[in-house]
Amino acid sequence: EVILLDSKAQQTELEWISSPSTGWEEISGLDENYTPIRTYQVCQVMESNQNNWLRTNWIEKGDAQRIFVELKFTLRDCNSLPGVVGTCKETFNLYYQETDAEVGRNIRESQYVKIDTIAADESFTQGDLGERKMKLNTELRIIGPLSRRGFYLAFQDVGACIALVSVKVYYKKCWSIIENLATFPDTVTGSEFSSLVEVEGTCVSDAEEEADNSPKMHCSAEGEWLVPIGKCICKAGFHQKGDACEPCGRGFYKSSSQDLQCSRCPAHSYNDREGSWRCDCEDGYYRALSDPPAVTCTRPPSAPQNLVYNINQTTVSLEWSSPADNGGRNDVTYRIMCRRCGWEPEECLPCGGNVGYLPAQSGLVDAYVTITDLLAHANYTFEVEAVNGVAAGTTFELIKEKVQQRSVQLSWQEPEQPNGVITEYEIKYYEKDQKDRIYSTVKSKSTSATVNNLKPSTAYVFQIRAFTAAGYGTFGPRLEVTTKEEPSGTASTEQNPVIIIAVVAVAGTIILVFMVFGFIIGRRYALAVKFPGTKTYIDPETYEDPNRAVHQFAKELDASCIKIERVIGAGEFGEVCSGRLKLPGKRDVPVAIKTLKVGYTEKQRRDFLCEASIMGQFDHPNVVHLEGVVTRGKPVMIVIEYMENGSLDAFLRKHDGQFTVIQLVGMLRGIAAGMRYLSDMGYVHRDLAARNILVNSNLVCKVSDFGLSRVIDDDPEAVYTTTGGKIPVRWTATEAIQYRKFTSSSDVWSYGIVMWEVMSYGERPYWDMSNQDVIKAIEEGYRLPAPMDCPPGLHQLMLDCWQKDRADRPKFDQIVGILDKMIRNPNTLKTPLGTCTRPISPLLDQNTPDFATFRSVGDWLEAIKMERYNDNFTATGYSSLESVARMTIEDVMSLGITLVGHQKKIMSSIQTMRAQMLHLHGTGVQV
Numbered sequence: 029e030v031i032l033l034d035s036k037a038q039q040t041e042l043e044w045i046s047s048p049s050t051g052w053e054e055i056s057g058l059d060e061n062y063t064p065i066r067t068y069q070v071c072q073v074m075e076s077n078q079n080n081w082l083r084t085n086w087i088e089k090g091d092a093q094r095i096f097v098e099l100k101f102t103l104r105d106c107n108s109l110p111g112v113v114g115t116c117k118e119t120f121n122l123y124y125q126e127t128d129a130e131v132g133r134n135i136r137e138s139q140y141v142k143i144d145t146i147a148a149d150e151s152f153t154q155g156d157l158g159e160r161k162m163k164l165n166t167e168l169r170i171i172g173p174l175s176r177r178g179f180y181l182a183f184q185d186v187g188a189c190i191a192l193v194s195v196k197v198y199y200k201k202c203w204s205i206i207e208n209l210a211t212f213p214d215t216v217t218g219s220e221f222s223s224l225v226e227v228e229g230t231c232v233s234d235a236e237e238e239a240d241n242s243p244k245m246h247c248s249a250e251g252e253w254l255v256p257i258g259k260c261i262c263k264a265g266f267h268q269k270g271d272a273c274e275p276c277g278r279g280f281y282k283s284s285s286q287d288l289q290c291s292r293c294p295a296h297s298y299n300d301r302e303g304s305w306r307c308d309c310e311d312g313y314y315r316a317l318s319d320p321p322a323v324t325c326t327r328p329p330s331a332p333q334n335l336v337y338n339i340n341q342t343t344v345s346l347e348w349s350s351p352a353d354n355g356g357r358n359d360v361t362y363r364i365m366c367r368r369c370g371w372e373p374e375e376c377l378p379c380g381g382n383v384g385y386l387p388a389q390s391g392l393v394d395a396y397v398t399i400t401d402l403l404a405h406a407n408y409t410f411e412v413e414a415v416n417g418v419a420a421g422t423t424f425e426l427i428k429e430k431v432q433q434r435s436v437q438l439s440w441q442e443p444e445q446p447n448g449v450i451t452e453y454e455i456k457y458y459e460k461d462q463k464d465r466i467y468s469t470v471k472s473k474s475t476s477a478t479v480n481n482l483k484p485s486t487a488y489v490f491q492i493r494a495f496t497a498a499g500y501g502t503f504g505p506r507l508e509v510t511t512k513e514e515p516s517g518t519a520s521t522e523q524n525p526v527i528i529i530a531v532v533a534v535a536g537t538i539i540l541v542f543m544v545f546g547f548i549i550g551r552r553y554a555l556a557v558k559f560p561g562t563k564t565y566i567d568p569e570t571y572e573d574p575n576r577a578v579h580q581f582a583k584e585l586d587a588s589c590i591k592i593e594r595v596i597g598a599g600e601f602g603e604v605c606s607g608r609l610k611l612p613g614k615r616d617v618p619v620a621i622k623t624l625k626v627g628y629t630e631k632q633r634r635d636f637l638c639e640a641s642i643m644g645q646f647d648h649p650n651v652v653h654l655e656g657v658v659t660r661g662k663p664v665m666i667v668i669e670y671m672e673n674g675s676l677d678a679f680l681r682k683h684d685g686q687f688t689v690i691q692l693v694g695m696l697r698g699i700a701a702g703m704r705y706l707s708d709m710g711y712v713h714r715d716l717a718a719r720n721i722l723v724n725s726n727l728v729c730k731v732s733d734f735g736l737s738r739v740i741d742d743d744p745e746a747v748y749t750t751t752g753g754k755i756p757v758r759w760t761a762t763e764a765i766q767y768r769k770f771t772s773s774s775d776v777w778s779y780g781i782v783m784w785e786v787m788s789y790g791e792r793p794y795w796d797m798s799n800q801d802v803i804k805a806i807e808e809g810y811r812l813p814a815p816m817d818c819p820p821g822l823h824q825l826m827l828d829c830w831q832k833d834r835a836d837r838p839k840f841d842q843i844v845g846i847l848d849k850m851i852r853n854p855n856t857l858k859t860p861l862g863t864c865t866r867p868i869s870p871l872l873d874q875n876t877p878d879f880a881t882f883r884s885v886g887d888w889l890e891a892i893k894m895e896r897y898n899d900n901f902t903a904t905g906y907s908s909l910e911s912v913a914r915m916t917i918e919d920v921m922s923l924g925i926t927l928v929g930h931q932k933k934i935m936s937s938i939q940t941m942r943a944q945m946l947h948l949h950g951t952g953v954q955v
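This is how it looks when you write it as structure tokens:
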């Protein structure tokens, strides 16, 4: 809460404006804890026509749109005051005025907007005051949305004896929070009670948004953050600790933001800095381009051993043994280098494409090769190279071609099988004494380069690496070269010996070996044996282990396949969200996601997942489809198909009067088909109501909310019954209310109520009657009248569903057949103008106001809470209840009553009035 005004906390005079000055009076007093407070009192109950106003000082609202006003007051019981009949009141009025600045001390009543009439729950007498019994009343009112900078509150006394003990004005906000490594700032709640303010989060330092999943939260009207959507994750080199990202320590690394924790450097690697995303290999150890950072650094293999050869005319066969050391890797292969030479070493040239190699020249797995098509009487040099992943593609052997005083010319061989197209080479060099603390680079697109601007007589270290689409590889072995002395020195000539048939282990090979790892993904299938006959519903409560029921009937989903996009409502166990489900090999589909709130008990988890155990057994186009559950992660989720138009009752109210009768009957047919399927399976819903029917974008209605088949204790439509437990009274059959006897026949009764809801576009069954009055009226034979424009056949079907004896009610199969006939014969759905179906049994409950208790049209309108139209009726001559009872919908509309909901409420009451007249007086009023 952010408090804007608290009169109780102010010790000095409040100095509010009182008009007239003889009305409200500021007085020092004591609160219920005997703490000194400032109060305002007025008690001019002896004189009539009181109009005493009290106005607060100007209240600046800040960012608030929705303001809460909490009043604490005491009020004198008029019955305890002698001689004040007719002048004493027991209420006062609360007003407000919006302004952008203070407007002076004058109170202009016409500029104030009434918030409410405030009445006391408890009043006191003179004796109470004498005994110091403070009967304090607390009332809370809400105003908004507000659009100006501030406002005044005003209190109007019309003749009460009242003491205003305290006035507290505040608004609500969601306080800043860090959730999923995202910071959400202080956020003022929305202007409406049901509004949710979407807030984008900002990743904390060294964190980044998860791909396509930016962090969001929703601030509710009560100042609470709802379930987070999306998240931030610590960047590579950082790990999460509490609500922050900390760098990995020395000797540790984290290669990807997707990794949860830092890992210790693999064998033969190190790092000496914090926040590393990889570890460097020790001298003489390397990684292949395809090796992830988690792989141990390895070495090139040692030389192949025991090379032997056999010459047969122009064919040479070579065989050898494996290297003594494979470098710590299992991907050793062999490559044959062939050169045709003259008598001098400089005369050796590659053999070219005329020579054949069986089975191949490179990538040899077995230690033998046959070389064919050689020239007779020629001199050949063969080299057998053992290579592995780090000797293939990540390292190159530099060859010094020419060394000068201030430059070195280098060359290397290009790989035959690079890991992608090599676009560039990079040579790193530094003075040997400096190690690699300070180094320079030279880049080349060919297989040679000259490094200039070197110092004479200085030892340098050179290393080379290649750049492909996969990125830079690691630097190869170090080549140490000492530049020549100044010109006065003598240059030496270096020669490389020629080995005719040599066994060479090339540390810097130029072959990239691709290893293909085959991943076999195992999937376990359950053998389902289907027997002839109807599938039967199995109650999950019969399972000793409820988790077994969940996993038998509901598919376990990977939470990574589910993307929550926004919060669309609140359920009993947690938030309800919309999102997308992407299963491997399938297109993503929109889904609704029910989440289990944090801090749940094991019973709540069991009850939450029970609905999935039920839904998972159903497969019908008019029953909501279960996609699956998430039970092995948090939050626990139930994922169902997404129904774009939400619940049927709200959808109908939103589109009041916009559908044809055929469309409405089509919706009812779908619901009946779904219930026929459930009934055939032996399932009893127990809470069939329009609020528990969902509608998709094609107006297909589907039965849902199977968790409420065990009716939830805090269901707003429920009431305690004599046998214990709670049930939704307005939708429930008589035998289910009295004896807890729930069957498919009691579901048929509920279906009749759903029919009435649909045809009345979401009207509340039995209007404003209490649950107890509904129970009594039904027992005495009352049934809901036909909604406006309801075809007689449909209302007759409703009445059949409401038969007292459940054996007389139709089955769902019969209901589907009746609706199908109506749809095939639209003429049966026409409604005669000015008529309803038939005389309705009257409402006999004498505790419910009926027309006989009304002395005037005004009394009747007040009873149905439509007193705002009293002048409309009076001005057009409807002064008696008999004249009202003859009104049609056209008459009601002609009074200027434009709201469809109000038209229907008035016409429903008129129809009830007609029925009562028929029953009690036998009149000839046209029905």
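For the sequence shown, the working numbering gives the first residue as 29, with consecutive numbering after it. Backbone N, C-alpha and C define an ideal beta-carbon position, used for all residues, glycine too.
Cβ neighbours of E508 within its own chain (closer than 7 Å, five residues either side excluded): K460, A487 and V489.
Per DSSP, the continuous alpha helix (DSSP H) segment holding H579 begins and ends at P574 to F581. Per DSSP, reduced to three states, the secondary structure at M671 is coil, with no helix or strand assignment. In this structure, the alpha-carbon of F212 lies about 53 Å from that of L847. Distance between V225 and R615, taken at the CA atoms: about 31 Å. Counting along the chain, Y314 sits inside no beta strand (DSSP E), nor does DSSP assign it H or E at all.
Here the C-alpha atom of Q286 lies approximately 7 Å from the C-alpha atom of I261.
Rounded to the nearest whole angstrom, the C-alpha separation of T50 and M74 is 14 Å. Positions of the beta strand (DSSP E) runs, each at least 3 residues long and wholly inside the region 587-652, are given as 590-598, 603-609 and 617-623 in order along the chain. The bridge partners DSSP lists for D848 come to none.
For D300, the secondary structure class from DSSP, reduced to helix, strand or coil, is coil.
According to DSSP, Y779 shares a beta bridge with no other residue.
Distance from the CA of S233 to the CA of C276, rounded to the nearest whole angstrom, comes to 14 Å.
T451 carries a coil assignment under DSSP once its states are collapsed to helix, strand and coil. Nearest C-alpha to H713 among E413, V731 and G132: V731.
In the DSSP assignment, C829 falls within the unbroken alpha helix (DSSP H) covering P820 to C829. Beta-bridge partners of Q184 (DSSP): W81 and N121. In the structure shown, the three-state DSSP call for F503 is coil. Taking 3 residues as the shortest admissible run, the region 352-433 contains the following complete beta strand (DSSP E) segments, listed from N- to C-terminal end: 361-369, 384-386, 396-400, 407-415 and 427-431. If you draw a straight line from the Cα of R594 to the Cα of P854, it comes to about 42 Å. CA-CA distance, D401 to N416, rounds to 29 Å. Looking at the DSSP output, V509 sits in a beta bridge with Y488.
I843 sits in a helix when the DSSP states are folded into three classes. Here S76 really is in contact with T115; their C-beta atoms are around 5 Å apart, less than 8 Å.
With 16 or more other Cβ atoms inside 10 Å of its own Cβ, D715 counts as buried. The bridge partners DSSP lists for P275 are F266.
Straight through space, the alpha carbons of N334 and E442 are spaced by roughly 28 Å. With respect to I666, E630 sits apart: the two C-beta atoms are not nearer than 8 Å. For the 8 Å CB-CB criterion, I668 and P568 do not form a contact. The continuous alpha helix (DSSP H) containing R704 extends over residues V689 to D708. It is roughly 19 Å from the alpha-carbon of R506 to the alpha-carbon of N299. Here DSSP, grouped into helix, strand and coil, assigns K196 to strand. A direct Cα-Cα distance of roughly 40 Å separates I87 from G674. Under DSSP, Y337 forms a beta bridge with L346. When H648, G370, L609 and Y628 are compared, the shortest CA-CA separation from A620 is found for L609.
Within the same chain, Cβ atoms closer than 7 Å to the Cβ of Y897 are found at L889, L923 and I925, the five residues on either side in sequence being excluded.
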